[in-house]
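One structure below.
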Amino acid sequence: MAVARWGRLRTELRSVRTRVLATTLAVLAVALLAVGGLTHYLRLVDLDESVQRDLAQEAGELQRLAQRGPLRPGAPLSDDLDTRSQERFTDLRRLFYSFMTTTVPGEYESVLAVIDGEPIFEHADRSRFELDDPGTLAAVSERVLPGQTVVFDVEQNGRQLRLGVVSVLLDEDPRQGYLVVGVDMGAQRAIILDSLWRYLGVSALTVGVAGLVAYVLVGRVTAPITRLRRATEQISPEDLGQRVPVAQNDSDVGQLAVNFNGMLDRIEAAFAQQRQFLDDAAHELRTPLTILHGNLELLDEQDPADVEETRALLLDEIERMNRLVDDLLLLATAQRADFIRPGDLDVPVWLARTMERVRALGDRRWALESRAEGRIVADGQRLTQAVVQLAANAVKFSGPGDTVALGAAWAPGPARPGPGTPGRHLEVWVRDTGVGVAPEDQQRIFERFGRAESGRTVEGSGLGLAIVAAIAQGHGGTVALRSRPGQGATFTLRLPGSPPAAPGAPAPGAPASAPAAGTSRPARAGLGA
């Protein structure tokens, strides 16, 4: 059981459904990771650039304030020179005070004014971080450069801070003053990273839901492939009846299943033909082989007359076996594409030549009852073979003085029963006034080795009418029989074709069927030569 389950699991993991699903989810996951990762990376880059711009703006505003002097009462920090007083700052404390009273720090920002290392003013949310922390002040004092702006990162109690130190020099004030602007980079980066984790969680959920939906949808799309695989696992030379159910064949996968079923049909037909051939050969060759074996065992080599009689009998049996093998091979190839080699066929010329050929089959009253004009696309040699076979049967089951008639005429409608394209078909018949065929035998005589039930014995393999039926089917037509015991029989080949009407031919809708059989004779037996 465990081995079987593991085998089924391995098969399922290697299936087209699993591979398509895995590929789809992998592509989706990579796409989501790429989009999310790139988006949040760009947010981090944008954060750094934004902080840099803000620090530069703070430094610029302080430098401009120091150069232009104090503001007039109520004037904003960004006003032009005409809104400012004409005096200049002479005291760092007053400069920083003026700047701090007109500046509002951002949410993650603190501002500290320092003179000679001592903090004097601070704008900050002290719940976040403290710029007057001794360690921070020490780091600032180490990096400050007179008259310049310095930006650097420090860590304070686990927080990542970015500090901008703006050094201010006044000619009238010898003290060293600088403004420290601090930004909590860690908190802002944490928000972006938290967003990234939330995005990854939503993406994982999306991939999971997409996987479930894709599993169902891909399963429906690949269902014909799954059924195809299961069908192939159950197919064997002994059982070729498995087919893949196809609900819709408007997709490549559905068409694959349709093509596979068609291939199985052809394989099954080929195997059936092979089995039929072997069964027929075994069935029919057994009797002549038994005759050969029995006569050779009973042969008196010392008796010349017995030797000559046995030799003639054996040659006759061998000739019959040769004819039988030829007929079996012909039927075995009847389903091949090259069995019928159609070409342009002049019907009246072909019918006249065929009539001349069948006259030599026996001393009968031969007649040509009707001659259709026009042409069809057909294999003339195969049609001749079929008509000669029907004429030979008519000769076998009739006597001297009986009539055997051939004819051809156009008839309306398709050659096969059922809906067909408008037009006509060609009917070619062989009629005799022989013994006829009993109703219960009229279907069986077209089967292989099918014979009418009668005490009368005739030579033949029993394959003649089966060959005629195969030739008719190969042309897309049928063969029909109309007969009554003692009143003869009429065999009719119905062949597709709708050529232009020739002079003297019946109009396209005119009925022209084969005539009925004629005079009375004893019941026919041994049909299917």
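Take the sequence shown: its letters are residues 203 to 731, numbered as in this note's numbering.
From the three backbone atoms N, C-alpha and C, an ideal C-beta is built for every residue, glycine too.
- In this structure T680 is in contact with R618, their Cβ atoms being roughly 6 angstroms apart against a cut-off of 8 angstroms.
- Within the DSSP secondary-structure output, S438 pairs in a beta bridge with D441.
- In terms of Cα proximity to L297, the closest of Q358, S369, D634 and A228 is S369.
- Going by DSSP, R422 is part of the alpha helix (DSSP H) stretching over M387 to V423.
- Secondary structure at T305: coil, using DSSP grouped into helix, strand and coil.
- The residue among E521, G349 and D454 with its C-alpha nearest the C-alpha of G262 is G349.
- Secondary structure of I427 (DSSP, three-state): helix.
- Between L665 and L533, the beta carbon gap of about 6 angstroms places them in contact (Cβ cut-off 8 angstroms).
- Measuring C-alpha to C-alpha distances from P272 to each of P376, F291, D386 and A596 identifies F291 as the nearest.
- Take T338, set aside five residues on each side of it, and the residues of its chain with a beta-carbon closer than 7 angstroms to its own are V356 and Q358, in chain order.
- Per DSSP, the unbroken alpha helix (DSSP H) holding V670 starts and ends at G666 to G676.
- A Cβ-Cβ contact shorter than 7 angstroms links A326 with S312.
- Annotation: Y380 to R391 spans about 27 angstroms, alpha carbon to alpha carbon.
- The segment 359-368 makes contact with the segment 382-389; the number of CB pairs closer than 8 angstroms reaches 3 or more.
- Remark: fewer than three beta-carbon pairs, one from each stretch, lie closer than 8 angstroms, so the segment 565-582 and the segment 510-524 are not flagged as touching.
- If you draw a straight line from the Cα of A228 to the Cα of A406, it comes to about 12 angstroms.
- Residues of the same chain with a CB within less than 6 angstroms of the CB of P307, apart from the 5 flanking positions on each side, are V313 and H325 in chain order.
- Membership of I647 in any alpha helix (DSSP H) is not indicated, and neither H nor E is assigned to it by DSSP.
- Around the CB of F354, fewer than 16 other CB atoms lie within 10 Å, so the residue is classed as exposed.
- Short of 6 angstroms from the beta carbon of E289, and not among the five residues preceding or following it, lie these beta carbons of its own chain, in chain order: G271.
- Rounded to the nearest whole angstrom, the C-alpha separation of E629 and L683 is 12 angstroms.
- Rounded to whole angstroms, the gap between the alpha carbons of A340 and A224 is 57 angstroms.
- Contact between I542 and G676 is confirmed by a C-beta separation of about 4 angstroms, below the 8 angstroms threshold.
- The three-state secondary structure of L501, taken from DSSP, is coil.
- Considering only L230, L371 and D250, the residue with the shortest C-alpha distance to Q265 is L371.
- A check of alpha carbon separations from V420 across T220, L592 and T305 identifies T220 as the nearest.
- The residues L294, I317 and D318, in chain order, have a CB closer than 6 angstroms to that of R377 in the same chain once the five nearest residues on each side in sequence are set aside.
- By the beta-carbon neighbour count (other beta carbons within 10 angstroms, threshold 16), A668 is buried.
- Membership of P336 in the alpha helix (DSSP H) is indicated by the continuous run P336 to R345.
- Taken through DSSP and simplified to helix, strand or coil, F291 comes out as coil.
- Closest in C-alpha terms to Q457, from the list S438, T424, T408 and T635, comes T424.
- Excluding the 5 residues flanking it on each side, L592 has same chain C-beta neighbours closer than 7 angstroms at V632, V670 and F693, in chain order.
- When beta bridges are read from the DSSP output, R633 appears opposite A607 and T692.
- A distance below 6 angstroms between beta-carbons, with the five flanking residues on each side excluded, links M557 to the following residues of its chain, in chain order: L570 and L608.
- Around the C-beta of N461, fewer than 16 other C-beta atoms lie within 10 Å, and the residue is accordingly described as exposed.
- Considering only D481, E332, A611 and T303, the residue with the shortest C-alpha distance to V527 is D481.
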